[in-house]
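Undergrad:
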Amino acid sequence: MNGQRVLVTGGCGFIGANLVPNLLAAGARVVILDNLTRGFRDHVDTAQVELIEGDIRDPEAVQRAMQGVDTVIHLAAYGSVMESVTDPNANFDINARGTLTVLEGARDAGVERFVFASTGGAIMGDTPPPVNENSVPRPLSPYGASKLCGEAYCHAFAGSYGLNTVMLRFGNVYGPWSAHKKGAVTVFIKALLTGEPIRIYGDGSASRDLLHVEDLCDGILRAAASDLPAPTTLHLASGAETSVAGLANLLKKIAGRPDHPVEYLDGRAGEVSRNFADASAAERLLGFRAARDFEAGMRHTWDWFLARRETVLATQTSDS
Ligand SMILES: NC(=O)c1ccc[n+]([C@@H]2O[C@H](COP(=O)([O-])OP(=O)(O)OC[C@H]3O[C@@H](n4cnc5c(N)ncnc54)[C@H](O)[C@@H]3O)[C@@H](O)[C@H]2O)c1
Numbered sequence: 001m002n003g004q005r006v007l008v009t010g011g012c013g014f015i016g017a018n019l020v021p022n023l024l025a026a027g028a029r030v031v032i033l034d035n036l037t038r039g040f041r042d043h044v045d046t047a048q049v050e051l052i053e054g055d056i057r058d059p060e061a062v063q064r065a066m067q068g069v070d071t072v073i074h075l076a077a078y079g080s081v082m083e084s085v086t087d088p089n090a091n092f093d094i095n096a097r098g099t100l101t102v103l104e105g106a107r108d109a110g111v112e113r114f115v116f117a118s119t120g121g122a123i124m125g126d127t128p129p130p131v132n133e134n135s136v137p138r139p140l141s142p143y144g145a146s147k148l149c150g151e152a153y154c155h156a157f158a159g160s161y162g163l164n165t166v167m168l169r170f171g172n173v174y175g176p177w178s179a180h181k182k183g184a185v186t187v188f189i190k191a192l193l194t195g196e197p198i199r200i201y202g203d204g205s206a207s208r209d210l211l212h213v214e215d216l217c218d219g220i221l222r223a224a225a226s227d228l229p230a231p232t233t234l235h236l237a238s239g240a241e242t243s244v245a246g247l248a249n250l251l252k253k254i255a256g257r258p259d260h261p262v263e264y265l266d267g268r269a270g271e272v273s274r275n276f277a278d279a280s281a282a283e284r285l286l287g288f289r290a291a292r293d294f295e296a297g298m299r300h301t302w303d304w305f306l307a308r309r310e311t312v313l314a315t316q317t318s319d320s
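Residue numbers (my numbering): 1 to 320.
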């Protein structure tokens, strides 16, 4: 990536905050397009990156952000499963129309590589795990459907315009800079910090494929720098199945509170029950491996939250 100009849409969010320093370390020049609705200016070092505050649905803002860009990493999205169930139109507008607008901008600017942030869980719904690139997507939520739609446009832009697209289906990502998220790891850690009970929807047997954000960033960089043919779809996942109850127990242990209370509530419509993915294609084609030890990764995440306890507890959650 040395010397390349890389546009990261949504670069002020959780994954962007972790990815951008990795891109800078690889010698890339980074420009971010973010409307800061779900991300934060202080997630990035604005002395080192060019931050354009704008919306991915605005063709003029997209055109401005694309100038001189070699690679696009399209992270900006409406990422919440639960909010997508409440408001499927708003979700569609950002994830489908927004992605189409970014793809058109990339095509018009002659971008060399386009990386799309997709999802392995929501897109697959209740397809029996482990899922891989040959499994049939069966989204249960509007969020999953909008990401599948984004993938479809990435395919079509490779087929119709020769845009060099790669679609990466992320597992459930955890790690630093996720205080604003609503996923289980963030919510459980916050409960442990406040003393509130850990609330689990369903009986705790639902499972997730938990991937440390540094492993994910390594996979994204490998895909961005690769010569994979377009279009290519790959799962970036840990390949391990962790139950939600098992996750709660691990975090209670790490926090030194094995007796912390857990409350079980009714399951929520739109949420996937079992989910984990086989990432062997990404290993074969990119040399990707989820290398970080799971417990060490969770401990690292807990330590990050603990060190910022006051700020973290003041951060509104607006996303999953
Ligand atoms: N976090 C996960 O576990 C996970 C799993 C699978 C896929 N993904 C995908 O990875 C990507 C990044 O996720 P994240 O966890 O960092 O989310 P995030 O919500 O923390 O970050 C998204 C960023 O996009 C920005 N954004 C949202 N709408 C925008 C718009 N219309 N125009 C410009 N910017 C906009 C937000 O302000 C935010 O900074 C998303 O596409 C998400 O769907 C995430």
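Beta carbons are placed, not taken as given, at the ideal position from N, Cα and C, and that holds for glycine.
1) Within 10 Å of its beta-carbon, does G162 have 16 or more other beta-carbons around it, so buried, or fewer, so exposed?
2) So, under 8 Å CB-CB, M66 and A106 are touching, yes? Tell me the CB distance rounded to an integer number of Å.
3) Check whether the Cβ of V69 lies closer than 8 Å to any heavy atom of ligand 1, and answer yes or no.
4) Is it true that the CB of N18 sits closer than 9 Å to the CB of G125?
5) Does the separation of the CB atoms of H212 and G39 fall below 9 Å?
6) Where does E50 sit, in a helix, a strand or coil, going by DSSP?
7) Quick one: measure Cβ to Cβ for G267 and G202, integer angstroms, because I've assumed they're closer than 8 Å.
8) So for R138, helix, strand or coil by DSSP?
9) In whole angstroms, what is the alpha-carbon distance linking I52 and V20?
10) For the region 72-87 against the region 260-275, are there 3 or more C-beta pairs whose distance is under 8 Å?
11) I'd like the span of the alpha helix (DSSP H) that includes H74, first residue to last.
12) Within 8 Å: the Cβ of V321 and any heavy atom of ligand 1?
13) Cβ of C154 versus every heavy atom of ligand 1: is any distance shorter than 8 Å?
14) Under the three-state reduction of DSSP, which class applies to N2: helix, strand or coil?
15) Comparing alpha-carbon positions, which option in T242, R289, R64 and G16 lies nearest H74?
16) My output table needs one value for R97: the three-state DSSP class, helix, strand or coil.
17) Shorter than 8 Å, the distance from the beta carbon of C12 to the closest heavy atom of ligand 1, or not?
18) Enumerate in chain order the residues of its own chain whose CB-to-CB distance from A281 is below 8 Å, with the five nearest sequence positions on each side excluded.
19) Please list, in chain order, all residues of the same chain as E50 whose beta carbon is under 6 Å from its beta carbon, the five residues on each side excluded.
TA: Looking at the coordinates:
1) exposed
2) Their Cβ separation, rounded to whole angstroms, is 6 Å, which keeps M66 and A106 in contact under 8 Å.
3) Within 8 Å of the C-beta of V69 there is not a single heavy atom belonging to ligand 1.
4) In this structure, G125 sits away from N18, with a CB-CB distance that is not shorter than 9 Å.
5) no
6) strand
7) 4 Å
8) The three-state secondary structure of R138, taken from DSSP, is coil.
9) 14 Å
10) Under the Cβ criterion (8 Å, minimum of three pairs), the region 72-87 counts as touching the region 260-275.
11) That residue, H74, is in no alpha helix (DSSP H); its beta strand (DSSP E) goes T71 to H74.
12) Examination of residue 321 is not possible in this model, given that the chain is present from 1 through 320 alone.
13) no
14) coil
15) G16
16) helix
17) Flag set: Cβ of C12 near ligand 1.
18) N132, E133, L234 and H235
19) Excluding residues within five positions, the ones whose Cβ falls inside 6 Å are V31.
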